[in-house]
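Step one of this worksheet: look at the structure below.
Number of protein chains: 2
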Amino acid sequence: MKKIVARHGQNPLLSPKDLKPSRPGMVIECLLNPGAFKYKGKTGIVLRVAERTQQKEGMVSVPIYDEKGELKILDFSLGDPKLDNSDARVISYDGKQYLTTISHLRILFSADGFTFEESEEFPPIFGQGAYETYGIEDCRVSQIKDTYYLTYTMVSSNGVGVGLKTTTDWKTFKSHGMVFSPHNKDCAIFEETVNGRFYAFHRPSSPELGGNYMWIAESMDGIHWGNHKCIARTRPDRFDSARLGAGAAPIKTERGWLAIYHGADYGHRYCLGALLLDLDDPSKVVSRSEFPIMEPEEPYEKVGFFGEVIFTNGHVVNGDDIYMYYGASDEHVALATLSISEILKTLD
Amino acid sequence: MKKIVARHGQNPLLSPKDLKPSRPGMVIECLLNPGAFKYKGKTGIVLRVAERTQQKEGMVSVPIYDEKGELKILDFSLGDPKLDNSDARVISYDGKQYLTTISHLRILFSADGFTFEESEEFPPIFGQGAYETYGIEDCRVSQIKDTYYLTYTMVSSNGVGVGLKTTTDWKTFKSHGMVFSPHNKDCAIFEETVNGRFYAFHRPSSPELGGNYMWIAESMDGIHWGNHKCIARTRPDRFDSARLGAGAAPIKTERGWLAIYHGADYGHRYCLGALLLDLDDPSKVVSRSEFPIMEPEEPYEKVGFFGEVIFTNGHVVNGDDIYMYYGASDEHVALATLSISEILKTLD
Chain H
1 MKKIVARHGQ
11 NPLLSPKDLK
21 PSRPGMVIEC
31 LLNPGAFKYK
41 GKTGIVLRVA
51 ERTQQKEGMV
61 SVPIYDEKGE
71 LKILDFSLGD
81 PKLDNSDARV
91 ISYDGKQYLT
101 TISHLRILFS
111 ADGFTFEESE
121 EFPPIFGQGA
131 YETYGIEDCR
141 VSQIKDTYYL
151 TYTMVSSNGV
161 GVGLKTTTDW
171 KTFKSHGMVF
181 SPHNKDCAIF
191 EETVNGRFYA
201 FHRPSSPELG
211 GNYMWIAESM
221 DGIHWGNHKC
231 IARTRPDRFD
241 SARLGAGAAP
251 IKTERGWLAI
261 YHGADYGHRY
271 CLGALLLDLD
281 DPSKVVSRSE
291 FPIMEPEEPY
301 EKVGFFGEVI
311 FTNGHVVNGD
321 DIYMYYGASD
331 EHVALATLSI
341 SEILKTLD
Chain L
349 MKKIVARHGQ
359 NPLLSPKDLK
369 PSRPGMVIEC
379 LLNPGAFKYK
389 GKTGIVLRVA
399 ERTQQKEGMV
409 SVPIYDEKGE
419 LKILDFSLGD
429 PKLDNSDARV
439 ISYDGKQYLT
449 TISHLRILFS
459 ADGFTFEESE
469 EFPPIFGQGA
479 YETYGIEDCR
489 VSQIKDTYYL
499 TYTMVSSNGV
509 GVGLKTTTDW
519 KTFKSHGMVF
529 SPHNKDCAIF
539 EETVNGRFYA
549 FHRPSSPELG
559 GNYMWIAESM
569 DGIHWGNHKC
579 IARTRPDRFD
589 SARLGAGAAP
599 IKTERGWLAI
609 YHGADYGHRY
619 CLGALLLDLD
629 DPSKVVSRSE
639 FPIMEPEEPY
649 EKVGFFGEVI
659 FTNGHVVNGD
669 DIYMYYGASD
679 EHVALATLSI
689 SEILKTLD
């Protein structure tokens, strides 16, 4: 009998030691959250590489890009009363917040789907300009005809928003700026239009009222978005009680658009669930997972930079099989094969 | 010598007692924040009317619309430990938040610009559907050719976003859904396109990183928006240190787009400032007020439902004069005449 989820035997596929830092003085802290796509018969992934600076005695150092794209290191003395470094991910100095790591994206290819290689032919993508001074993260890739749409998280002191780039050759990219304004992330564009309209999932967050819910938006051109609707809210006492957001683009099935999403509880444990959306109007939810379809079980999913985390934003589909790439413990990249028909059985 | 600001001698023009509640059992708490426009030679305003329910002994009652648009009253016992009613504007029950008042919009007209009348010909606009169950607020009106674009705040447990309606006759309205997803408000659409593109100010807020900053977005059709850019951030120790947001649509001058905005400090004191934006690329800021161009001075601005507040989202322009309608103390509607040339002198 087919299982819903089968993890790959060589997991984790990629770990921080497997790649070189972007420059001297930087250390790769996490490899995570790959977008995935097919290109010229190969499987490609767009990997998030989170780096920190080598730390100096008695100091906390954080990396940021200036608006020209140059990396700067800011050093703060550990004894400084204006410094709050109690969170491993964010430090605060004199009321301003900085990330302890800065992320960029790398493009890797594989012939077999699990052995990935980097080449100079496809250089990394770094943050650029005023909206990416704290880096870029968690890229989804959607292919519409010959064009790949890359939606990713832009991070800066202006806030956290969704950036869009398009490419046809993975070497030259056209930037379309910020397509969803702060606070927003987890954006995945559908891989075909529905009744002439583009659709995208996104995940706004609110400082008051509302929450960390999954939304859908419409577009006439894939670049300008409107008609925002909330399609899935957090549910008390379940795996998705604190936050949820889209994985990769949904998969078209006979029963509807199948979307895999991540849901987290207040213990920051990240599992995966599924949504089934109306084929003709994807803002209508037909069904939603009562229980996770996948949860942290393996050691590399339970222990790492941030343990008890499974987070996916990339897959490629072959027949009934979803080759799903995912970030494990915010530190490694792993692969699991999911069965579309078995997931659909849980959504009756 | 001309002054920057001249308040109208009959201020406040409108107060809660001047209008009738929308239905029995409701009490008008505040009249505030009017959008303004010209229609058939008259001045129109779209007023926010905030109502509360008549309170019962030992209870707190809050009004909400259900998804069919029916008004429901929720009653909470004052002794209930799940109730937190320490804030006059928001109560919390069992982790869920509700507003103590619910707002709708009313359309009033004036022949002289300061005596406004309601008529049955132009009925009020109430919240409708899942995104307006807590009401609708603070409507800006922009006229582009013969069409009026109404951008207003939609409030519900899904979050706070920007809704868009269009009309040509102020009787029938076309709804375009939520055009800026949560958390967003203070949206004003430019009254003409620039190089073929629509522009709009908006004000996203973030639960982490970023702040309550003023942004601009582009659109090809006035309905779907993208290319979001931050044009003005809060400034420490100034009148706009905590939050800022657009007033009405900007005014085209020879020196650039002149935008009046509200800025608040951490004492919740709301003043007005001005921005001058590049005529050809309104995302470029040419100049910004060092000091407020108007601040709460009169008794009706200093004392009321929420004192020390001047908030504008509506004006009509005649030559050098801006007839600016504004909410005073979150309770009254007032009028001041501002001089474009005098404001521009402060922006050298």
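Chains as they are written, first to last, in the working numbering: chain H, 1 to 348; chain L, 349 to 696. C-beta: ideal position from N, C-alpha, C; glycine also.
Exercise for the section: Along the alpha helix (DSSP H) that carries Leu692 (chain L), what are the first and last residues, could you check? Expected result: 688-693
Problem - Where Ile102 (chain H) meets chain L, residues with beta-carbon distance less than 8 Å - result: Neighbours of Ile102 (chain H) on chain L: none; closest Cβ ~13 Å, over 8 Å.
Exercise for the section: Using 10 angstroms around the beta-carbon of Gly357 (chain L), count the other beta-carbons present and answer buried if the total reaches 16, otherwise exposed. Expected result: exposed
Practice task
Out of L:Leu620, L:Leu625, L:Glu643, point me to the one whose CA is closest to Asn661 (chain L)'s CA.
Solution key: L:Leu620
Exercise for the section: Under 6 Å Cβ to Cβ from Gly483 (chain L), same chain only, skipping five residues before and after it: list those, please. Expected result: Ile450, Ser451, Gly475, Val503
Handout entry: Same chain, Cβ closer than 7 Å to Ser341 (chain H), five either side skipped, listed in chain order
Key = Asp320
Handout entry: Element boundaries [alpha helix (DSSP H), containing Tyr39 (chain H)]
Key = Taken as a continuous stretch (DSSP letters only), Tyr39 (chain H) belongs to no alpha helix (DSSP H), being part of the beta strand (DSSP E) at 26-39.
Exercise for the section: Give the secondary structure of Pro364 (chain L) by DSSP, where H, G and I count as helix, E and B as strand, and everything else as coil. Expected result: helix
Exercise for the section: State the start and end residues of the unbroken beta strand (DSSP E) segment that holds Lys72 (chain H). Expected result: 71-77
Practice task
Pull up the distance between the alpha-carbon of Asp569 (chain L) and that of Lys229 (chain H), whole angstroms please.
Solution key: 19 Å
Practice task
Please report the Cβ distance between Gly44 (chain H) and Leu105 (chain H), rounded to the nearest whole angstrom; I am assuming they are in contact, meaning their Cβ atoms lie under 8 Å.
Solution key: No, Gly44 (chain H) and Leu105 (chain H) are not in contact; Cβ-Cβ is about 12 Å, not under 8 Å.
Exercise for the section: May I ask you to report which of helix, strand or coil DSSP gives Tyr134 (chain H)? Expected result: coil
Problem - Residues from the segment 505-518 of chain L in contact with chain H, defined by Cβ distance under 7 Å - result: Ser505, Asn506, Gly507, Val508, Gly509
Handout entry: Every unbroken beta strand (DSSP E) within the segment 44-114 of chain H, with a cutoff of 3 residues, ordered by chain
Key = 59-65, 71-77, 90-93, 96-99, 102-110
Problem - Proximal residues to Glu377 (chain L) (C-beta, below 7 Å), its chain only, five neighbours per side dropped - result: Pro364, Ala398, Glu399, Arg400, Thr449, Phe653
Practice task
Give me the Cα-Cα distance between Gly113 (chain H) and Gly41 (chain H), rounded to the nearest whole angstrom.
Solution key: 11 Å
Problem - C-alpha gap between Met295 (chain H) and Ile310 (chain H), whole angstroms - result: Looking at the sequence itself, residue 295 (chain H) is Glu, so the reference to Met does not match. Taking the straight line from one Cα to the other gives about 7 Å.
Handout entry: C-beta atoms of Asp585 (chain L) and Gly611 (chain L) nearer than 8 Å
Key = no
Handout entry: Three-state secondary structure assigned by DSSP to Lys650 (chain L)
Key = helix
Handout entry: Beta carbon of Gly247 (chain H) nearer than 8 Å to that of Ile231 (chain H)
Key = no
Practice task
Below 9 Å between beta carbons is the criterion; list the residues of the segment 189-211 of chain H that meet it against any residue of chain L, in chain order.
Solution key: His202, Pro204, Ser205, Ser206, Pro207, Glu208, Leu209, Gly210, Gly211
Handout entry: Residue burial classification, Phe538 (chain L) (beta-carbon count within 10 angstroms, cutoff 16)
Key = buried
Exercise for the section: Less than 8 Å between the CB atoms is what I'm expecting for His379 (chain L) and Leu367 (chain L), so what's the real figure, rounded? Expected result: One point to set straight first is that residue 379 (chain L) is Leu, not His, in the sequence displayed. The pair is a contact, with the Cβ atoms about 7 Å apart (cut-off 8 Å).
Handout entry: Cβ neighbours of Thr514 (chain L) in the same chain (closer than 6 Å, five flanking residues each side left out)
Key = Thr495, Tyr497, Lys522
Practice task
Using a Cβ-Cβ cut-off of 8 Å, state whether His224 (chain H) counts as contacting chain L.
Solution key: yes
Handout entry: Short Cβ contact (8 Å threshold) for Tyr387 (chain L) with Leu422 (chain L)
Key = no
Exercise for the section: Jot down the residue ranges of each uninterrupted beta strand (DSSP E) in the segment 487-536 of chain L, minimum 3 residues, whole runs only, in chain order. Expected result: 495-504, 507-515, 522-528
Problem - Any non-hydrogen atom of the ligand HEM within 7 Å of Asn11 (chain H) CB - result: For the ligand HEM, the structure offers nothing, since it holds no ligand at all.
Handout entry: DSSP three-state assignment for Tyr614 (chain L), whether helix, strand or coil
Key = coil
Exercise for the section: Could you check the C-alpha separation between Val542 (chain L) and Asp186 (chain H) for me, to the nearest Å? Expected result: 31 Å
Practice task
Report all residues from its chain with a CB closer than 8 Å to the CB of Ser22 (chain H); omit the five preceding and five following residues, and keep chain order.
Solution key: Val49, Glu51, His104, Pro124, Phe126
Problem - Residue interval of the beta strand (DSSP E) (run including Phe659 (chain L)) - result: 658-666
Handout entry: Per-residue contacts from Tyr213 (chain H) into chain L (C-beta, under 9 Å)
Key = Asn506, Gly507, Pro530
Exercise for the section: Assign Lys351 (chain L) to one of three DSSP states: helix, strand, or coil. Expected result: coil
Exercise for the section: Determine, using beta carbons only, whether Tyr300 (chain H) and Pro12 (chain H) come nearer to each other than 8 Å. Expected result: yes
Handout entry: Opposing strand residues paired with Val194 (chain H) [DSSP bridges]
Key = H:Arg197
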